[in-house]
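There are 2 protein chains.
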Amino acid sequence: MLTNIRIVLVQTYHPGNIGASARAMKTMGIDDLVLVTPRRFPDPEATRLAAGAQDLVEGARVVESLTEAVADCVMVVGASARLRSLPLPHFDEPEVMARELVSHAGHDRVALVFGRERFGLTNDEIRCCSHQVSIPANPDYGILNLSQAVQVLAYETFKAWRQRPQSGDSPISPAAERMPTRQQIDHFHAHLGRVMRQSGFLTQPHARTEAHLHALFARAQPSRRELSLLRGLLASLERDSTAQ
Amino acid sequence: MLTNIRIVLVQTYHPGNIGASARAMKTMGIDDLVLVTPRRFPDPEATRLAAGAQDLVEGARVVESLTEAVADCVMVVGASARLRSLPLPHFDEPEVMARELVSHAGHDRVALVFGRERFGLTNDEIRCCSHQVSIPANPDYGILNLSQAVQVLAYETFKAWRQRPQSGDSPISPAAERMPTRQQIDHFHAHLGRVMRQSGFLTQPHARTEAHLHALFARAQPSRRELSLLRGLLASLERDSTAQ
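Respectively, the protein sequence lines represent chains P and G. To convert, note that position 142 of the first sequence is 142 in full-length UniProt numbering; the numbers rise steadily by one, no gaps. To convert, note that position 187 of the second sequence is 187 in full-length UniProt numbering; the numbers rise steadily by one, no gaps.
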């Protein structure tokens, strides 16, 4: 039903949570499940908790990294209760996040990413995301079980999908407004890094500076066209500096 | 945090669902849990799945009937995926239900009622409810796990509570607009039944006719004051008929 929307579970510890998450997704019309190095999978607990969603468990793609899981996605929302040191554009209402997610899913692939039960997502994994979302909860006890968080965000996504403006109501987003995939963003980051080192701005790998610039560009949310523009600028700077 | 809001679980089969539901409620600031004849309780599975919500499991009230669980409540919403033969006022958007629930919870007790995992609520139990709510889901696979349904409705309730109009914004609902408790409704039903039999309208117990009239009055949603009016009318009819 809800095409182009992917659920990614990163290093899930309890196989039962994979099964329960598969069930949660399926009740909300989502069927694209990707697992990044799950601790134990396949597993009878995953099958048992999946109930009638075993097809999703069996069809789940297993990959080695979050980068691989979301390379083709233009919007990647990390569900995380914990603040990180490099804040991404952040939704504090799942309902608002879901509307934007569904809007992009009209043309391109998007993903909701869930981290480990205890430890959430690492900083490197947050860097694979374009946005973060938190689920407003009891400040004294606000950590939902992993599959419950999947259920809530899938529920809001399905609601946004049901309430989406029909194609007759609003013009199809022009190609210029479409967002680049994570892979295209990664290529831009790599290009930016080469130019910074080539120019002498960065004399050695400086993760913090690079990550900070990446977060800045993430806030700008460049469209596919704008990213091409930036790549073109970088190419000119490269040619210009090599010519000197 | 969210006072006056109760979660009632009817004849839960899997103790793990009780624990997971307790956790789900607590993350959304709800702590009043009542269990109607749970199959196995207390149970280690309930404690295990409760995670940090063991206080709710330990403090849960266990009762013999749904009538007892909601006697003091003015709004009782049955969460049910299945249509019943005597339709109650029905919300097909949890978000809309939650706003009304939170509004009444400002002055009186309210409850969300969840049925058995496989069989939902019986017709008699639906009669203890003032409303029904369903969670919009995948038409091909739309039955959420019990604790997931609790999580979603608790989430919408918490959202409605966070977004409630502050007391400064709108006048406090006048006493005339407050709703009667289920116990007061039950007394009215009993009174109505006596008058119908006394008058010869019902020559023998006729459950279908009575239930149909109860559902009609449920749709009218009489306020506490209006119910007093109806009781007064019934009392006059009783005096009038005995006087003949």
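Yeah, the Cβ is synthetic: ideal placement off N, Cα and C, and Gly gets one too.
Residue 157 of chain G is a Cβ neighbour of residue 98 of chain G, given a cutoff of 7 angstroms.
Between residue 22 of chain P and residue 57 of chain P, the gap from beta carbon to beta carbon is short of 7 angstroms. Of all residues in the stretch 129 to 145 of chain P, the ones placed with a Cβ closer than 9 angstroms to any Cβ belonging to chain G are 135, 136, 137, 138, 139, 140, 141, 142, 143, 144, 145, in chain order.
When P:107, P:26, P:216 are compared, the shortest CA-CA separation from residue 89 of chain P is found for P:216. For residue 78 of chain G, the enclosing beta strand (DSSP E) starts and ends at 73 to 79. Distances from the CA of residue 120 of chain P to each of P:196, P:144, P:94, P:95 were compared; the closest alpha carbon is that of P:144. For the stretch 149 to 170 of chain G, the residues whose beta carbon sits under 8 angstroms from a beta carbon of chain P are, in order, 151, 152, 155, 158, 159, 162.
With respect to the C-alpha of residue 6 of chain G, the residue from G:46, G:108, G:17, G:20 having the closest C-alpha is G:108.
Residue 126 of chain P places its beta carbon 7 angstroms or farther from that of residue 94 of chain P.
For residue 61 of chain G, the enclosing beta strand (DSSP E) starts and ends at 61 to 63. Residue-level contact check: residue 115 of chain G does not touch chain P, since none of the beta carbons of chain P fall below 7 angstroms from its beta carbon. Following the DSSP letters along the chain, one finds residue 132 of chain G inside the beta strand (DSSP E) bounded by residues 131 to 133. Rounded to the nearest whole angstrom, the C-alpha separation of residue 225 of chain G and residue 218 of chain G is 15 angstroms. About 5 angstroms separates the CB atoms of residue 26 of chain G and residue 141 of chain P; that is less than 8 angstroms, so the two are in contact.
Contact with chain P is absent for residue 203 of chain G, since none of that chain's Cβ atoms lies less than 7 angstroms from the residue's Cβ.
Residue-level contact check: residue 24 of chain P touches chain G, since one or more beta carbons of chain G fall below 7 angstroms from its beta carbon. Here residue 55 of chain G carries a helix assignment [DSSP, helix/strand/coil].
In the structure shown, residue 126 of chain P falls within a helical segment according to DSSP collapsed to helix, strand and coil.
Per DSSP, the continuous alpha helix (DSSP H) segment holding residue 66 of chain P begins and ends at 66 to 70. In this model, residue 10 of chain P and residue 112 of chain G are separated by some 34 angstroms (Cα to Cα). The beta carbon of residue 39 of chain G is closer than 7 angstroms to those of 11, 12, 13 in its chain, skipping five residues each way along the sequence. Nearest neighbour of residue 15 of chain P by Cα position, chosen from P:8, P:4, P:41, turns out to be P:41.
Spatial neighbours of residue 191 of chain G in its own chain (CB-CB distance under 7 angstroms, excluding positions within 5 residues in sequence) are listed in chain order as 231, 234.
Residue 114 of chain P: member of the beta strand (DSSP E) spanning 109 to 114, first to last residue.
The shortest CA-to-CA distance from residue 131 of chain G to any of G:91, G:122, G:179, G:163 is the one to G:91. Residue 195 of chain P and residue 237 of chain P do touch by the CB rule: their CB atoms are close to 5 angstroms apart, below 8 angstroms.
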